[in-house]
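In full-length UniProt numbering, the protein residues as written are 1 to 119. Note that CB positions come from ideal geometry on N, CA and C, so glycine has one too. Okay, structure first, notes after.
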């Protein structure tokens with residue numbers, strides 16, 4: 001989270017490629033009032049190879065619920081599912097923290113198929 005922190009220890013390319021990071025499109029963003037910190041429950045389509053998955057995302061500071069459907073995001077799709085209250089988070093949506101510590105989503109700047117893998 002700290003932009004002034006030194007880089008983490010070196011990893012190999014094999015370490016990096018074990019994380020399956022794919023492009024998905026948010027289908028729905030629903031309220032998640034049970035979350036400890038404000039969050040949306042996202043339903044994301046990653047295309048035929050991965051399918052539709054759910055995630056909890058603490059992104060309410062910068063993203064209104066109605067603005068999220070149709071947005072394309074990158075997510076790690078091969079982490080084990082994690083139970084967060086009543087939500088089963090199946091993927092980790094990727095973002096960076098801004099100067100206030102709020103998450104800004106990572107996406108793509110042009111056309112690419114759903115399920116495209118980060119390379």
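Ranking 68, 59 and 79 by CA distance to the CA of residue 17 puts 79 first. Judged by beta-carbon spacing, residue 75 lies within the 7 Å limit of residue 91, meaning their Cβ atoms are closer than that value. Checking the DSSP bridge columns, you'll see residue 45 partnered with 25 and 52. Beta-bridge analysis with DSSP links residue 119 to no other residue. Residue 21 sits away from residue 69, with the two beta carbons spaced by 7 Å or more. Checking the DSSP bridge columns, you'll see residue 31 partnered with 40. Beta-bridge analysis with DSSP links residue 82 to 89. Going by beta carbons, residue 11 and residue 24 fall outside the 7 Å limit. For residue 71, no beta strand (DSSP E) segment is defined, and its DSSP state is neither H nor E. Here residue 112 is exposed: its Cβ has fewer than 16 other Cβ atoms, across all protein chains shown, within 10 Å.
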